[in-house]
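Asker: What follows is a single structure, and I will ask about it in a moment.
There are 4 protein chains.
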Amino acid sequence: MVFSFETPVRWVDTDALRVVHYSNYFRYVEAAEEELYRSLGFTFKDLNEKYKIAIPRVEAFCQYKAAARFGDTLAVIMRLGERTEKTMKYDFEILRKADGELLCHGYLRIIGLDLVSWKATALPVDLTRKVANALE
Amino acid sequence: MVFSFETPVRWVDTDALRVVHYSNYFRYVEAAEEELYRSLGFTFKDLNEKYKIAIPRVEAFCQYKAAARFGDTLAVIMRLGERTEKTMKYDFEILRKADGELLCHGYLRIIGLDLVSWKATALPVDLTRKVANALE
Amino acid sequence: MVFSFETPVRWVDTDALRVVHYSNYFRYVEAAEEELYRSLGFTFKDLNEKYKIAIPRVEAFCQYKAAARFGDTLAVIMRLGERTEKTMKYDFEILRKADGELLCHGYLRIIGLDLVSWKATALPVDLTRKVANALE
Amino acid sequence: MVFSFETPVRWVDTDALRVVHYSNYFRYVEAAEEELYRSLGFTFKDLNEKYKIAIPRVEAFCQYKAAARFGDTLAVIMRLGERTEKTMKYDFEILRKADGELLCHGYLRIIGLDLVSWKATALPVDLTRKVANALE
Chain V
1 MVFSFETPVR WVDTDALRVV HYSNYFRYVE AAEEELYRSL GFTFKDLNEK
51 YKIAIPRVEA FCQYKAAARF GDTLAVIMRL GERTEKTMKY DFEILRKADG
101 ELLCHGYLRI IGLDLVSWKA TALPVDLTRK VANALE
Chain E
137 MVFSFETPVR WVDTDALRVV HYSNYFRYVE AAEEELYRSL GFTFKDLNEK
187 YKIAIPRVEA FCQYKAAARF GDTLAVIMRL GERTEKTMKY DFEILRKADG
237 ELLCHGYLRI IGLDLVSWKA TALPVDLTRK VANALE
Chain X
273 MVFSFETPVR WVDTDALRVV HYSNYFRYVE AAEEELYRSL GFTFKDLNEK
323 YKIAIPRVEA FCQYKAAARF GDTLAVIMRL GERTEKTMKY DFEILRKADG
373 ELLCHGYLRI IGLDLVSWKA TALPVDLTRK VANALE
Chain S
409 MVFSFETPVR WVDTDALRVV HYSNYFRYVE AAEEELYRSL GFTFKDLNEK
459 YKIAIPRVEA FCQYKAAARF GDTLAVIMRL GERTEKTMKY DFEILRKADG
509 ELLCHGYLRI IGLDLVSWKA TALPVDLTRK VANALE
């Protein structure tokens, strides 16, 4: 299964080439990730406050195929990649909704970060189980 | 006296009209404010950590006259406006360095915020005195 | 009548004080403006391409009352203020949806900009009439 | 040889975890790339206007090791990786200047884009030769 999230391109997301700035695709993916967790009853804030854990990215990759422009609505598709006790990989694709063209694809690898020791730690089982249930 | 800060327009600051997005002028002014404090031996972080005080904006205003573009270097000019025990106003102008054209001008009003009670409080005298010495 | 637009606070919108950075409220208002035009069958791009007109801001003002945080959903309320042939003012309020607390309020004044001469020009009547119908 | 560029962390670059948002490291790298070209007498704008060519990213990758915070000054180190007629790879590292700690490293691969046909094209030899002279 996949998680799917739609977002319009905002004017401020574009640059002087009249296309979305490449760094902003990572922001669309993060919005999708936030909505995935929200749909599962989690937020980054809950993780910080209840578990004293953050889930920063240890790797981010994107390959760009075509440009998004103002006026486009984008679909961000999230899939679950390989997992370890401490890490979880999200594969993503971003498509232009109107014609389904693949604009870019890539992945994020997140890690559990203990906010007391500020060291890598296991991801909360509650989080990984819910994400796996939703995406596998 | 004034505080003057120069910054190039970054590609990511522009939008599909090929000019700097209007919200980014406020970011240039904040960069100038950060450098003003740095020149006086302060940072926002010091204020947060040493004084348990933050200095959020209570008002922000900008009037736009002409557009900045990628390739421009901008000069942000900061002046000190009226002060109260709890607030301080910065008047700013942003000019294109190459020809001195005024691109926009406006102001920010900052307030002391007690980070324990999260209520308005007096600005640290140490801060206001140093800023006044530098800008009056 | 008013135009109302809801948006979640994104993680990237927050800063190290754990609140939304003040410049981002202007971006929420712009998202609301984009959705207002979309609801009326317009986009900034249409204005640029069909009318050779842009509608940059000549003034932006915001007064901040309380902070938005990650996890909040915001409601942006837009009202139409005074109009001239060349300008249109939008008054806005941003509320926290959960409890209706007013977080900030302000205005934008937009102007017609002829993209050929790059000079101020009348706003397209088609735009102002539709906006007036929707907001008056 | 390498190209080295220093930048302070701006307040707006941080997020509610009190560290730099991961997408912003790509923006620091782009600032370094802009300054590299500026040092060689080029800008993105010149490429667009003189050569009718843009140089979008086709791949972006970053591995994160440690967090940058407000108050840090960062050093972005750029190296030239493999080249083809149409593409050029930049390897980058971002270090905290105060102690030299490696915060993240990764790469960008840029491609020549013909702005008339909007198709991949050879990078201008003038650009690649100057970059190679500076970085090899």
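Protein chains in written order, with my numbering: chain V, 1 to 136; chain E, 137 to 272; chain X, 273 to 408; chain S, 409 to 544.
Beta carbons are placed, not taken as given, at the ideal position from N, Cα and C, and that holds for glycine.
1) Sort S:Gly520, S:Thr481, S:Phe478 by Cα distance to Arg465 (chain S) and report the nearest one.
2) Per DSSP, what are the beta-bridge partners of Ile502 (chain S) in this structure?
3) Report yes or no: do three or more beta-carbon pairs, one from the region 153–172 of chain E and one from the region 203–218 of chain E, lie closer than 8 Å?
4) How would you list, in chain order, the residues of chain X whose beta-carbon sits under 7 Å from the beta-carbon of Phe478 (chain S)?
5) Would you kindly report the start and end of the unbroken beta strand (DSSP E) that includes Leu194 (chain E)?
6) Please identify the residue among S:Arg517, S:Lys453, S:Pro416, S:Val437 whose C-alpha is closest to the C-alpha of Glu171 (chain E).
7) Can you check which of these residues, V:Tyr25, V:Asp46, V:Tyr90, is closest to Met1 (chain V) by C-alpha distance?
8) Tell whether a beta-carbon distance below 8 Å holds between Tyr173 (chain E) and Thr179 (chain E).
9) Look up Ala392 (chain X) in the DSSP assignment and give the residues it is bridged to.
10) Rounded to whole angstroms, what is the Cα-Cα separation between Lys369 (chain X) and Tyr300 (chain X)?
11) Which chain S residues are close to Phe180 (chain E), counting only those with a beta carbon under 9 Å from its beta carbon?
12) Span of the alpha helix (DSSP H) holding Thr128 (chain V)?
13) Helix, strand or coil for Phe139 (chain E)? Go by DSSP, reduced to three states.
14) Are the C-beta of Phe383 (chain S) and some C-beta of chain V separated by less than 8 Å?
15) Are the Cβ atoms of Ile189 (chain E) and Pro260 (chain E) separated by less than 8 Å?
16) Looking at chain E, which residues of the region 433–453 of chain S have a Cβ within less than 7 Å of any of its Cβ atoms?
17) Classify Gly366 (chain S) as buried or exposed, calling it buried when 16 or more other Cβ atoms lie within 10 Å of its own Cβ.
18) Using a C-beta to C-beta distance shorter than 8 Å, which residues of chain E count as neighbours of His21 (chain V)?
19) Tell me whether Arg401 (chain X) is buried or exposed, calling it buried when 16 or more other Cβ atoms sit within 10 Å of its Cβ.
20) Could you check which residue in E:Asn184, E:Phe197, E:Cys240 has the C-alpha nearest to that of Trp419 (chain S)?
21) Taking C-beta pairs closer than 8 Å, name the residues in chain V that Glu467 (chain S) reaches, listed in chain order.
22) If you follow the alpha helix (DSSP H) that Phe452 (chain S) is part of, which residue opens it and which one closes it?
23) Can you tell me whether Val116 (chain V) is buried or exposed? The criterion is at least 16 other CB atoms within 10 Å of its CB, across all chains shown.
24) Closest to Leu399 (chain X) by C-alpha separation, out of X:Glu357, X:Gly372, X:Ile366, X:Leu380, would be which residue?
25) Kindly list, in the order they appear in chain V, the residues whose Cβ is closer than 8 Å to that of Ala462 (chain S).
26) Skipping 5 residues on each side, what residues in its chain have a beta carbon closer than 7 Å to that of Phe61 (chain V)?
27) According to DSSP, is Ala288 (chain X) part of a helix, a strand, or is it coil?
28) Ordered along the chain, which non-local residues of its own chain (more than five positions away) have a Cβ less than 8 Å from that of Glu414 (chain S)?
29) Taking Cβ to Cβ, would you say Lys255 (chain E) is nearer than 8 Å to Gly479 (chain S)?
30) Taking the alpha-carbon of Met360 (chain X) as reference, which of X:Val403, X:Ser311, X:Gly313, X:Asp287 has the nearest alpha-carbon?
31) In terms of residue numbering, what span does the alpha helix (DSSP H) encompassing Glu33 (chain V) cover?
32) Round the Cβ separation of Leu239 (chain E) and Ile230 (chain E) to the nearest angstrom and send it over; I've been treating them as touching at under 8 Å.
Answerer: According to the structure shown:
1) The count along the fourth sequence starts at 1 and reaches residue 465 (chain S) at position 57. That would be S:Gly520, whose Cα lies nearest to the Cα of Arg465 (chain S).
2) Counted from its first residue, the fourth sequence places residue 502 (chain S) at position 94. According to DSSP, which records beta bridges pairwise, Ile502 (chain S) is partnered with S:Val484, S:Cys512.
3) yes
4) Within the fourth sequence, the letter at position 70 stands for residue 478 (chain S). Under the 7 Å cutoff, chain X gives Ala288.
5) One-based indexing of the second sequence puts residue 194 (chain E) at position 58. Per the sequence shown, residue 194 (chain E) should be read as Val rather than Leu. Residues 193–200.
6) Position 35 of the second sequence, counting from 1, holds the residue named residue 171 (chain E). The shortest Cα separation from Glu171 (chain E) among S:Arg517, S:Lys453, S:Pro416, S:Val437 belongs to S:Pro416.
7) Against the first sequence, residue 1 (chain V) aligns to sequence position 1. When only C-alpha atoms are compared, the closest one is V:Tyr90.
8) By 1-based counting over the second sequence, the position of residue 173 (chain E) is 37. By 1-based counting over the second sequence, the position of residue 179 (chain E) is 43. Closer than 8 Å, so yes.
9) To locate residue 392 (chain X), count along the third sequence from 1; it is residue 120. According to DSSP, Ala392 (chain X) bridges with X:Leu385.
10) As a working mapping, residue 369 (chain X) is identified with position 97 in the third sequence. As a working mapping, residue 300 (chain X) is identified with position 28 in the third sequence. If you take the alpha carbons of Lys369 (chain X) and Tyr300 (chain X), they lie about 14 Å apart.
11) The residue you call residue 180 (chain E) lines up with position 44 of the second sequence. Within chain S, the residues near Phe180 (chain E) are Trp419, Phe478, Gly479.
12) Along the first sequence, read from residue 1 onward, the residue named residue 128 (chain V) stands at position 128. First-last of the alpha helix (DSSP H) with Thr128 (chain V): 125–135.
13) Numbered from its first residue, the second sequence carries residue 139 (chain E) at position 3. DSSP places Phe139 (chain E) in strand when its eight states are reduced to three.
14) The structure shown does not extend to residue 383 (chain S), since chain S spans only 409 to 544, so no value can be given for it.
15) For the purposes of this step, residue 189 (chain E) is taken as the residue at position 53 of the second sequence. For the purposes of this step, residue 260 (chain E) is taken as the residue at position 124 of the second sequence. Yes. Within cutoff.
16) Arg435, Glu438, Ala439, Glu442, Thr451, Phe452, Lys453
17) No answer is possible for residue 366 (chain S): it lies beyond the span of chain S, which begins at 409 and ends at 544.
18) Within the first sequence, residue 21 (chain V) is the residue found at index 21, counting from 1. Per Cβ cutoff of 8 Å: Trp147, Val148.
19) As a working note, residue 401 (chain X) is residue 129 in the third sequence. When all chains shown are included, Arg401 (chain X) counts as exposed.
20) Here the question's residue 419 (chain S) lines up with position 11 in the fourth sequence. Among E:Asn184, E:Phe197, E:Cys240, the Cα nearest to that of Trp419 (chain S) belongs to E:Asn184.
21) In the fourth sequence, residue 467 (chain S) corresponds to position 59, counting from 1. The answer, in chain order, is Phe61, Cys62, Gln63, Tyr64.
22) If you number the fourth sequence from 1, residue 452 (chain S) lands on position 44. Run containing Phe452 (chain S): 452–458, per the alpha helix (DSSP H) assignment.
23) Position 116 of the first sequence, counting from 1, holds the residue named residue 116 (chain V). Flag for Val116 (chain V) reads exposed.
24) Taking the third sequence and counting its residues from 1, the one referred to as residue 399 (chain X) is at position 127. Nearest option by C-alpha distance: X:Glu357.
25) Mapped onto the fourth sequence, residue 462 (chain S) falls at position 54. The contacting residues are Leu17.
26) By one-based count along the first sequence, residue 61 (chain V) stands at place 61. Once the five neighbours on either side are set aside, the close Cβ partners of Phe61 (chain V) are Gly106, Tyr107.
27) Mapped onto the third sequence, residue 288 (chain X) falls at position 16. If DSSP states are grouped into helix, strand and coil, Ala288 (chain X) belongs with coil.
28) Translated into the one-based positions of the fourth sequence, residue 414 (chain S) becomes position 6. Thr481, Leu482, Ala483, Val484, Lys505, listed in sequence order.
29) Working through the second sequence from its first residue, we reach residue 255 (chain E) at position 119. Working through the fourth sequence from its first residue, we reach residue 479 (chain S) at position 71. Taking 8 Å as the Cβ cut-off, Lys255 (chain E) and Gly479 (chain S) do not qualify as a contacting pair.
30) Translated into the one-based positions of the third sequence, residue 360 (chain X) becomes position 88. Met360 (chain X) has its Cα closest to that of X:Val403, out of X:Val403, X:Ser311, X:Gly313, X:Asp287.
31) Position 33 of the first sequence, counted from the start, is the residue given in the question as residue 33 (chain V). Note, Glu33 (chain V): alpha helix (DSSP H), 22–39.
32) Here residue 239 (chain E) refers to the residue found at position 103 when the second sequence is read from its first residue. Here residue 230 (chain E) refers to the residue found at position 94 when the second sequence is read from its first residue. Correct: roughly 5 Å between the Cβ atoms.
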